Amino acid sequence: MTPDGVQSGSVVIRNGKTLAVTPDWEELIDTQIHDVGDHMVLPGLIDVHTHLNEPGRTEWEGFATGTKAAAAGGYTTVVDMPLNCIPSTTTVSALNDKREAVADKATVDYGFWGGVVPGNTGQLSALAQAGVLGFKCFLIRPGTDEFAMVSEEDLLEAMPVIAATGLPLLVHAELPGPVEEATKGLEGNDWRAYKTYLQSRPERAEVEAIRMMIELVRSTGCRVHIVHLSAASALSDLEAARRDGLPITVETCPHYLCFEADEIPDGATQFKCAPPIRSALNQSILWEALRSGQIDLIATDHSPCPPELKCLEAGDFRKAWGGISSLSVSLPAIWTAARERGFRMTDVIRWMAECPAKLAGIGRKKGCIAPGYDADLVVFDPDGELTVGANDLHFRHLCSPYLGERMTGKVQSTLLRGEVIYQQGKFGTALTGTELTV
Ligand SMILES: [Zn+2]
2 MTPDGVQSGS VVIRNGKTLA VTPDWEELID TQIHDVGDHM VLPGLIDVHT HLNEPGRTEW
62 EGFATGTKAA AAGGYTTVVD MPLNCIPSTT TVSALNDKRE AVADKATVDY GFWGGVVPGN
122 TGQLSALAQA GVLGFKCFLI RPGTDEFAMV SEEDLLEAMP VIAATGLPLL VHAELPGPVE
182 EATKGLEGND WRAYKTYLQS RPERAEVEAI RMMIELVRST GCRVHIVHLS AASALSDLEA
242 ARRDGLPITV ETCPHYLCFE ADEIPDGATQ FKCAPPIRSA LNQSILWEAL RSGQIDLIAT
302 DHSPCPPELK CLEAGDFRKA WGGISSLSVS LPAIWTAARE RGFRMTDVIR WMAECPAKLA
362 GIGRKKGCIA PGYDADLVVF DPDGELTVGA NDLHFRHLCS PYLGERMTGK VQSTLLRGEV
422 IYQQGKFGTA LTGTELTV
């Protein structure tokens, strides 16, 4: 029996590429056969929102550990964010530093987003020429000091330059005004309570930021991608803008789709991220937006830090680092939740492989099992039982809200360009990941 949307057959691989996909078992001469039984073969997933923090904060994660976690999670490509590393990827020289620092460390393929900060407009064309896949900016202060937020004026300068490159601008869409205003009223509150943190990052901060970005897209023609959408109330503005033909895409993250604010215990700072995890109702609207296509894709926003920065002992949501680590468990987490809502594996693949490949400009070689594409494949047991333990994480620090979660679905093995890079808890010895440019 085959689940909806999945065909039985075989994938023929030659020289790292998919040569053919055939409905029948084919005995080919001189061919090594991997029989995966009843397991599914999926295209390798692509994470367009990964913080690997190298160079400069490799003790937070790093390419060696982060890309292993990716391979174990069924990802064969990650696109690294331009901040939390030192230097930030805001100049060509910083990009080259990064390339040098991470060379020969990656288990999966990777690309880089360049950063947009006040005053670096003059670097943007050169970064595009040098091979970044697009750009990222913050409308609110990020958690580290080396990467500055941009104002509307900065974007009016930068966005026409980015538009000319044809690359997308990824935006952390929260405005500081509503967050500052909300936080002022919470001074005396209990900051161990998740509710206090949630109140400090109101939906309005996202809605107003997204409205500003829509107008900037209208006036500059720059492609914009809204990262980690949490506030469902921003969807109607986005939908109207897209109906007007504006080039805007949207991502959300596994944690917004798998966890609910009401179930987060007080002091459980492993759940802190920005924007925050919101209500069960908000979550169900995000799922419906994935169904209707109003949200294009799911990215992890894998953003680790050393456990002490999570302030787990004090459980103080004001002081804790905001970031959730999930690369190795996002696929089973999403599959478990999606299947309960009646989605098919083909939906999951659209959100986690096809649409991310398009955003990163690598959709002609990645994100699909078809002749001519890189043979990046995941063998997945859709019914495997998984209770997430420390051995399943593979990233540097064993801190994640997914620890102890029960899921259905297990990555059995992952292939990058035809080579097995992960199998049943073990990694291939060759570090085969290379940089992707457009
Ligand atoms: Zn992020």
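Residue numbers 2 to 439, in the numbering used here, belong to the letters of the sequence shown in order.
Glycine included, C-beta positions come from ideal geometry on N, C-alpha and C.
Because the structure is a prediction, the values reported are computed rather than measured.
Any non-hydrogen atom of ligand 1 closer than 8 Å to residue i Cβ
i      : result
Val228 : yes
His50  : yes
His173 : yes
Ser304 : yes
Gly385 : no
Gly364 : no
Gly116 : no
Gly324 : yes
Met150 : no
Met213 : no
Met82  : yes
Residue range of the unbroken beta strand (DSSP E) whose run includes residue i
i      : result
Ile296 : That residue, Ile296, is in no beta strand (DSSP E); it is neither H nor E in DSSP.
Thr184 : From DSSP, Thr184 is part of no beta strand (DSSP E) but of the alpha helix (DSSP H) over Pro177 to Lys185.
Gln424 : Glu420 to Gln424
Met82  : It is not in any beta strand (DSSP E) - Met82 carries neither H nor E in the DSSP assignment.
Gly135 : Gly135 to Phe139
Thr253 : Ile249 to Thr253
Under the three-state DSSP convention, the category residue i falls into
i      : result
Met2   : Since pLDDT at Met2 reaches only 43, below the 50 mark, its modelled position is unreliable, and no value is offered.
Gly407 : The displayed chain sequence assigns Arg, not Gly, to residue 407. DSSP places Arg407 in strand when its eight states are reduced to three.
Asp105 : coil
Tyr374 : coil
Trp352 : helix
Asp384 : strand
Val12  : strand
Ala95  : helix
Met150 : coil
Ile335 : helix
Ile47  : strand
Lys366 : coil
Ser237 : helix
Gly429 : coil
Ile227 : strand
Where residue i falls, given that 16 or more other Cβ within 10 Å makes a residue buried
i      : result
Thr23  : exposed
Asp302 : buried
Asp155 : buried
Met2   : The pLDDT assigned to Met2 is 43, lower than 50, so where the model puts this residue is not dependable, and the model offers no usable value.
Ser201 : buried
Leu236 : buried
Ile34  : exposed
Thr438 : exposed
Asp191 : exposed
Closest residue to residue i among the options (Cα-Cα distance)
i      : options                           : result
Leu230 : Pro266, Ile296, Thr221 and Asp36  : Ile296
Pro276 : Leu53, Cys254 and Asp267          : Cys254
Gly112 : Val103, Arg212, Glu181 and Leu134 : Leu134
Thr66  : Thr438, Ala183 and Leu432         : Leu432
Asp348 : Leu46, Ile14 and His35            : Leu46
Glu314 : Leu176, Pro179 and Asp267         : Asp267
Ser326 : Gln271, Gly362 and Ala338         : Gln271
Cys138 : Pro161, Trp114, Ala127 and Leu128 : Trp114
Leu448 : Thr409, Pro248 and Leu328         : An answer regarding residue 448 cannot be provided, because it is not within the stretch 2 to 439 covered by the chain.
Terminal residues of the alpha helix (DSSP H) in which residue i lies
i      : result
Met214 : Glu204 to Thr221
Ile87  : No alpha helix (DSSP H) contains Ile87, which DSSP labels as neither H nor E.
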